[in-house]
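Trainee:
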Amino acid sequence: MMWRKAVFIILAIFVLTPYGSPPVALALGLAIAFTIGNPFPEIEGKVTKYFLQASVVLLGFGMNLGAVYKAGRDGILFTIATIFGTLVLGFAVGKLLGVASRTSTLISTGTAICGGSAIAATAPAIGAEKDEITVSLGTVFVLNSIALFLFPVVGHALELTPTQFGIWSAIAIHDTSSVVGASAAYDPQSLVIATTVKLARALWIAPIALLFAFIYRSKNGESRAKVAIPWFIVLFIAATAIRTYAPVWILPSLWDSFVNLAKAGLTITLFFIGASLSRATLAKVGYRAFLQGVILWIVISVVGLLAVWNLV
Numbered sequence: 445m446m447w448r449k450a451v452f453i454i455l456a457i458f459v460l461t462p463y464g465s466p467p468v469a470l471a472l473g474l475a476i477a478f479t480i481g482n483p484f485p486e487i488e489g490k491v492t493k494y495f496l497q498a499s500v501v502l503l504g505f506g507m508n509l510g511a512v513y514k515a516g517r518d519g520i521l522f523t524i525a526t527i528f529g530t531l532v533l534g535f536a537v538g539k540l541l542g543v544a545s546r547t548s549t550l551i552s553t554g555t556a557i558c559g560g561s562a563i564a565a566t567a568p569a570i571g572a573e574k575d576e577i578t579v580s581l582g583t584v585f586v587l588n589s590i591a592l593f594l595f596p597v598v599g600h601a602l603e604l605t606p607t608q609f610g611i612w613s614a615i616a617i618h619d620t621s622s623v624v625g626a627s628a629a630y631d632p633q634s635l636v637i638a639t640t641v642k643l644a645r646a647l648w649i650a651p652i653a654l655l656f657a658f659i660y661r662s663k664n665g666e667s668r669a670k671v672a673i674p675w676f677i678v679l680f681i682a683a684t685a686i687r688t689y690a691p692v693w694i695l696p697s698l699w700d701s702f703v704n705l706a707k708a709g710l711t712i713t714l715f716f717i718g719a720s721l722s723r724a725t726l727a728k729v730g731y732r733a734f735l736q737g738v739i740l741w742i743v744i745s746v747v748g749l750l751a752v753w754n755l756v
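See the structure below:
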């Protein structure tokens with residue numbers, strides 16, 4: 445009905461005003477999902493994906509390439525250790541709880557790397573069914589939403605430095621959109637660090653998906669390797685290079701405009717993501733898969749927090 449679309453559009457505009465913020469956008473999106481329902485279901489797919497990727501690229505115009513390199517270098521050990529540690533733990537927990545193999549793999553990959561993007565890339569590589577993908581995305585989405593609200597509160601309570609919070613949020617929050625939202629709410633410096641470390645993790649999507657494609661091919665005797673390369677990360681690096689080496693006569697306000705546009709894009713993306721959740725998706729999750737996701741998330745959050753607290 446037209447009134448549902450009107451309400452959706454009004455709220456979408458509202459989250460772009462000074463009264464909007466990433467947590468508010470997500471909360472309003474969830475309110476839409478569980479009251480009147482999403483009147484634009486087509487935004488669940490490519491539109492949301494492209495909004496997120498374009499916003500991440502635009503964020504690059506506000507960053508210095510040297511700072512990006514340093515943040516990525518400093519976080520590399522955390523990245524490698526937590527990715528492979530989470531995958532191993534996910535395999536063990538999934539076996540213990542009796543979660544279906546492909547569902548367990550998708551939840552573990554989504555937790556280890558970057559949420560829905562990692563799940564979307566790994567699913568075709570292992571031949572996952574639609575219900576398995578839905579369950580995995582639902583599990584990761586719920587925990588991701590909680591983290592967006594919870595992490596800044598915990599960070600302030602523990603008096604984490606911007607660097608500590610940036611690395612911690614990039615490690616323990618699933619999706620890039622919520623990592624950016626939480627870190628932006630915490631401190632501008634955290635935003636630079638969190639975005640860089642998270643995108644460094646996202647570079648592991650392709651090799652991890654190929655690894656699982658090989659494993660499942662060995663099991664089933666057939667190849668399912670269809671892996672999407674996250675090209676937007678290359679564009680993000682290109683944007684930081686342009687910002688770093690651009691002629692000095694270019695007005696700083698131009699870069700500020702790009703960054704403001706990126707923040708607006710990420711805010712509306714979180715609104716779209718919230719609105720895309722449905723009762724049907726939650727009903728399919730089941731307690732075993734959700735429990736696996738909760739265990740992995742708690743472990744990586746606590747271990748990551750202790751690591752940055754003591755080592756950074």
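When you line the sequence shown up against our numbering, it's residues 445 to 756, in that order. We put the beta carbon where it would ideally sit given N, CA and C, even for glycine. Keep in mind the model is a prediction, meaning the values are calculated, not measured.
#1: Could you give the DSSP three-state label for M507: helix, strand or coil?
#2: When you compare the segment 743–756 with the segment 604–614, are there three or more beta-carbon pairs, one atom per stretch, that lie closer than 8 Å?
#3: If you reduce the DSSP assignment to three classes, tell me which class D619 lands in.
#4: Would a C-beta distance cut-off of 9 Å place A682 and G504 closer than the cut-off?
#5: Just the C-alpha distance for A733 and P696, rounded to the nearest angstrom, thanks.
#6: In the DSSP assignment, find the alpha helix (DSSP H) that holds S722 and state where it starts and stops.
#7: Which residue marks the beginning of the alpha helix (DSSP H) containing Y689, and which one marks its end?
#8: Which residues mark the beginning and the end of the alpha helix (DSSP H) in which S745 is found?
#9: Rounded C-beta distance between L496 and I476? I'm assuming under 8 Å.
#10: Using the Cα positions of F458 and G709, report the straight-line distance between them to the nearest angstrom.
#11: Rounded to the nearest angstrom, what separates K574 and T492 at their Cα positions?
#12: Tell me which residues share the same chain as P464 and place their Cβ nearer than 7 Å to its Cβ, disregarding the 5 neighbours each side in the sequence.
#13: At a cut of 8 Å, does the segment 584–599 reach the segment 617–627 through at least three beta carbon pairs?
#14: Mind pulling the alpha helix (DSSP H) runs of 4 or more residues that sit fully within the segment 463–488?
#15: Just reading off the alpha helix (DSSP H) that I694 is part of, what are its end residues?
#16: Buried or exposed: where does Y660 fall if 16 or more other Cβ atoms within 10 Å of its Cβ makes it buried?
#17: Just to confirm, is the Cβ distance from L502 to F715 under 9 Å?
#18: For K449, count neighbouring Cβ atoms within 10 angstroms of its own Cβ and tell me buried if that reaches 16, exposed if not.
#19: Give me the Cα-Cα distance between S722 and G610, rounded to the nearest whole angstrom.
#20: Quick one: residues in its chain with C-beta nearer than 8 Å to the C-beta of K728, no 5 flanking neighbours on either side, listed in chain order?
#21: Which residues bound the alpha helix (DSSP H) around A536?
#22: I believe A644 touches I520 by the beta-carbon criterion, under 8 Å. Please report the beta-carbon distance rounded to the nearest angstrom.
#23: For the alpha helix (DSSP H) holding I637, just list the boundary residues, first then last.
#24: Nearest to D631 by CA position, among V641, A653, H600, is which residue?
#25: Quick one, which of S561, G473, A572 has its alpha-carbon nearest A544's?
#26: Between the beta-carbon of L635 and the beta-carbon of P467, is there less than 9 Å?
#27: Below 7 Å CB to CB, which residues in the same chain sit around M446 once its five sequence neighbours on both sides are set aside?
#28: Can you tell me the Cα-Cα spacing of V743 and I551, whole angstroms?
#29: Any idea if A724 is buried or exposed, counting beta-carbon neighbours within 10 angstroms, 16 or more meaning buried?
Mentor: In terms of the structure at hand:
#1: For the purposes of this step, residue 507 is identified with residue 63 of the sequence shown, where counting begins at 1. The answer is coil: DSSP assigns M507 none of H, G, I, E or B.
#2: Yes, the segment 743–756 touches the segment 604–614.
#3: The residue you call residue 619 lines up with position 175 of the sequence shown. Residue state, collapsed to three classes: coil.
#4: Taking the first residue of the sequence shown as position 1, residue 682 is located at position 238. Taking the first residue of the sequence shown as position 1, residue 504 is located at position 60. When the beta-carbon positions are compared, A682 and G504 come within less than 9 Å of each other.
#5: For the purposes of this step, residue 733 is taken as residue 289 along the sequence shown, with counting starting at 1. For the purposes of this step, residue 696 is taken as residue 252 along the sequence shown, with counting starting at 1. Between A733 and P696, the C-alpha separation is close to 48 Å.
#6: Counted from its first residue, the sequence shown places residue 722 at position 278. Per DSSP, S722 lies in no alpha helix (DSSP H) and is assigned neither H nor E.
#7: One-based indexing of the sequence shown puts residue 689 at position 245. Y689 -> alpha helix (DSSP H) spans 675–689.
#8: Sequence index remark: in the sequence shown, residue 745 carries index 301 (1-based). Element bounds for S745: 731–755.
#9: Residue 496 sits at position 52 when you count from the first residue of the sequence shown. Residue 476 sits at position 32 when you count from the first residue of the sequence shown. By a beta-carbon distance limit of 8 Å, L496 does not contact I476. Their separation comes to about 18 Å.
#10: Taking the sequence shown and counting its residues from 1, one reaches residue 458 at position 14. Taking the sequence shown and counting its residues from 1, one reaches residue 709 at position 265. If you take the alpha carbons of F458 and G709, they lie about 13 Å apart.
#11: For the purposes of this step, residue 574 is taken as residue 130 along the sequence shown, with counting starting at 1. For the purposes of this step, residue 492 is taken as residue 48 along the sequence shown, with counting starting at 1. Within the model, the alpha-carbon separation for K574 versus T492 is close to 19 Å.
#12: On the sequence shown, position 20 is the one that residue 464 refers to. Checking the displayed sequence, the identity of residue 464 turns out to be Gly instead of Pro. If you ignore the 5 residues before and after G464, its C-beta comes within less than 7 Å of the C-beta of F458, T711, all in its own chain and listed in chain order.
#13: With the cut-off at 8 Å, the segment 584–599 and the segment 617–627 touch.
#14: Counting only runs of 4 or more residues that sit fully inside the segment 463–488, the alpha helix (DSSP H) segments are 466–478, in chain order.
#15: Position 250 of the sequence shown, counted from the first residue, corresponds to residue 694. Boundaries for I694: no alpha helix (DSSP H) harbours it, and the DSSP string shows neither H nor E there.
#16: As a first step, residue 660 is located in the sequence shown; it is residue number 216 there, counting from the start. Within a 10 Å sphere around the beta-carbon of Y660 sit 16 or more other beta-carbons, which makes this residue buried.
#17: Here residue 502 corresponds to residue number 58 of the sequence shown, with the count starting at 1. Here residue 715 corresponds to residue number 271 of the sequence shown, with the count starting at 1. No, the Cβ-Cβ distance between L502 and F715 is not below 9 Å.
#18: Within the sequence shown, residue 449 is the residue found at index 5, counting from 1. So K449 ends up on the exposed side.
#19: Here residue 722 refers to the residue found at position 278 of the sequence shown. Here residue 610 refers to the residue found at position 166 of the sequence shown. Cα to Cα, S722 sits roughly 30 Å from G610.
#20: Locating residue 728 in the sequence shown gives position 284, where the first residue counts as 1. Counting only Cβ-Cβ distances below 8 Å, and skipping sequence neighbours, we find D575, T578, V579, G582.
#21: The sequence position of residue 536 within the sequence shown is 92, counting from 1. Counting along the chain, the alpha helix (DSSP H) containing A536 begins and ends at 520–541.
#22: Counted from its first residue, the sequence shown places residue 644 at position 200. Counted from its first residue, the sequence shown places residue 520 at position 76. Indeed, because the Cβ distance is near 7 Å, the residues count as touching under 8 Å.
#23: Against the sequence shown, residue 637 aligns to sequence position 193. Element bounds for I637: 632–646.
#24: In the sequence shown, counting from the first residue as 1, residue 631 sits at position 187. Minimum Cα distance to D631 is reached at H600.
#25: Within the sequence shown, residue 544 is the residue found at index 100, counting from 1. Among S561, G473, A572, the Cα nearest to that of A544 belongs to A572.
#26: Against the sequence shown, residue 635 aligns to sequence position 191. Against the sequence shown, residue 467 aligns to sequence position 23. No, Cβ-Cβ distance for L635 and P467 is not below 9 Å.
#27: Taking the first residue of the sequence shown as position 1, residue 446 is located at position 2. Taken in chain order, the list of residues that qualify is empty.
#28: Residue numbering aside, residue 743 sits at position 299 when the sequence shown is read from its first letter. Residue numbering aside, residue 551 sits at position 107 when the sequence shown is read from its first letter. Cα to Cα, V743 sits roughly 14 Å from I551.
#29: In the sequence shown, counting from the first residue as 1, residue 724 sits at position 280. By the Cβ-count criterion, A724 is exposed, with fewer than 16 other Cβ atoms from all chains shown falling within 10 Å of its own Cβ.
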